[in-house]
Amino acid sequence: MGRKKRLPGLTVKDGYMRHPFDVEHKVETSGLVSGRHLRVGHVHDKHNTAYYGIAPSVLIELCARWRASRLVVPPEDYTFVDFGAGMGRAMLLASRMPFREVIGVELHPDLAATAQRNIDKWVAAGRARCPMRVVCQDALEFAYPKNPCVAYLFNPFREPVLKSLVRRMEKSFAGRPGQLDVLYANDEFREVLWGNPRWERVWGGEIALSAEDDQADMDILNNQPDGEYAATKEEPCSIFRFIGPSRRK
Ligand SMILES: C[S@@+](CC[C@H](N)C(=O)[O-])C[C@H]1O[C@@H](n2cnc3c(N)ncnc32)[C@H](O)[C@@H]1O
2 MGRKKRLPGL TVKDGYMRHP FDVEHKVETS GLVSGRHLRV GHVHDKHNTA YYGIAPSVLI
62 ELCARWRASR LVVPPEDYTF VDFGAGMGRA MLLASRMPFR EVIGVELHPD LAATAQRNID
122 KWVAAGRARC PMRVVCQDAL EFAYPKNPCV AYLFNPFREP VLKSLVRRME KSFAGRPGQL
182 DVLYANDEFR EVLWGNPRWE RVWGGEIALS AEDDQADMDI LNNQPDGEYA ATKEEPCSIF
242 RFIGPSRRK
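Start counting the sequence shown at 2; every next residue gets the next number (this note's numbering).
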């Protein structure tokens, strides 16, 4: 049997470089796959931005800022849900933090399968502090747990899907203000939440990439065959809290 063809953006000829995180932990989360190569026949395909793993330094700082905000319960009682989990880099990082559970939701089956392999290695190496799982489905199909949740987004899809996701969140958490927070990295469509009276922006700003992450970004982004994406030294991020209609001004 021949080897399965890798997605464009995951081969050396496409500028593929391994991030030091992958080298250190023997996992596979590197690469850059444009959204147009991630079609699976779903109505939301056209809104898929790309696959790209988060800079570890950005996620760690974003979560630290979230933990420093006024949480309704201790962090270990929240479920961390990565909408658009890709190969699971953010999930692996989050599982080292005190969460109740880490769940990844990924539309593309190849990426979800890679995330599962990474999780298996990670758990076997004893690195996960909490249970973790990935589901291969559209973000809008996800059924939320009954406990407080952190929904993490690394700009996975464009405005139409984000708007629908936010509507679904509001429905799922109706009557439970404060129990859902959104951590939005590379928050290109932040206005969807910012201009919405049911949500409070708890924090917003630029998070600087570590020198290692910045170098890894340059290595891969300077080698893109079609130069589609730009490297930046900071990631614009927001933290939003669902406050519900009761506090509407
Ligand atoms: C920028 S990557 C983020 C990867 C990961 N969250 C991280 O931080 O390392 C965005 C991912 O979202 C996925 N995605 C896009 N639209 C989706 C949808 N409607 N439902 C679930 N996943 C989706 C893409 O396939 C891609 O893997």
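Glycine included, C-beta positions come from ideal geometry on N, C-alpha and C.
Here the structure is a predicted model, which means the values were calculated and not measured.
Pick helix, strand or coil for residue i, following the three-state DSSP scheme.
| i | result |
| --- | --- |
| Met-98 | coil |
| Val-268 | Look at the range of the chain in this structure, 2 to 250, and you will see that residue 268 is not part of it. |
| Lys-250 | Confidence at Lys-250 is low in this model, with a pLDDT of 45, below 50, so its placement is unreliable and no value can be given for it. |
| Ala-231 | coil |
| Met-2 | Note that Met-2 scores a pLDDT of 45, beneath 50, so its modelled location is shaky; the value from the coordinates is reported in the next line. Met-2: coil per DSSP, three-state reduction. |
Taking residue i as the reference, give the member of the options with the closest Cα.
| i | options | result |
| --- | --- | --- |
| Leu-8 | Asp-111, Glu-25, Cys-64 | Asp-111 |
| Asn-119 | Ser-31, Lys-147, Val-44, His-38 | Ser-31 |
| Ala-140 | Lys-164, Gly-176, Ala-95 | Lys-164 |
| Val-73 | Glu-171, Asn-148, Val-24 | Asn-148 |
| Ala-126 | His-20, Glu-192, Glu-25 | Glu-25 |
| Glu-207 | Asp-220, Ile-244, Val-59, Gly-42 | Val-59 |
| Gly-105 | Met-98, Gln-117, Tyr-52 | Gln-117 |
| Ala-114 | Glu-29, Ser-173, Ala-56 | Glu-29 |
| Gly-85 | Pro-76, Met-98, His-48, Asp-15 | His-48 |
| Asn-156 | Ala-186, Met-88, Ser-211 | Ala-186 |
| Trp-123 | Asp-23, Leu-222, Ile-221 | Asp-23 |
| Glu-142 | Tyr-153, Val-151, Val-13, Arg-169 | Arg-169 |
| Phe-81 | Gln-180, Gly-228, Arg-202, Gly-36 | Gln-180 |
| Trp-200 | Tyr-230, Leu-210, Glu-229, Ile-244 | Ile-244 |
| Gly-89 | Gly-54, Ala-65, Met-98 | Gly-54 |
| Tyr-145 | Ala-65, Lys-5, Val-167 | Val-167 |
| Asp-78 | Arg-191, Cys-150, Gly-196, Ala-56 | Cys-150 |
| Gly-36 | Asn-223, Arg-159, Arg-97 | Arg-159 |
| Leu-63 | Asp-188, Asn-224, Glu-107 | Asp-188 |
| Val-13 | Pro-246, Met-98, Leu-33, Pro-21 | Leu-33 |
Check for me: the alpha helix (DSSP H) holding residue i runs from which residue to which?
| i | result |
| --- | --- |
| Asn-213 | Reading off the sequence shown, one finds Glu at residue 213, where the question assumed Asn. It spans 212-222 - the alpha helix (DSSP H) in which Glu-213 sits, taken as one unbroken run. |
| Thr-115 | 110-125 |
| Glu-160 | 160-173 |
| Ile-61 | 57-68 |
| Pro-21 | 21-26 |
| Glu-192 | 192-195 |
Pull the bridge partners of residue i from the DSSP assignment, please.
| i | result |
| --- | --- |
| Leu-239 | Looking at the sequence provided, one finds Ser at residue 239 rather than Leu. Looking at the DSSP assignment, Ser-239 forms a beta bridge with Tyr-185, Gly-205. |
| Val-136 | Val-106 |
| Thr-80 | Glu-102, Cys-150 |
| Ala-51 | Ser-35 |
| Phe-155 | Ala-186 |
Cβ-heavy atom distance between residue i and ligand 3 below 8 Å?
| i | result |
| --- | --- |
| Ala-91 | What this structure holds is ligand 1, not ligand 3. |
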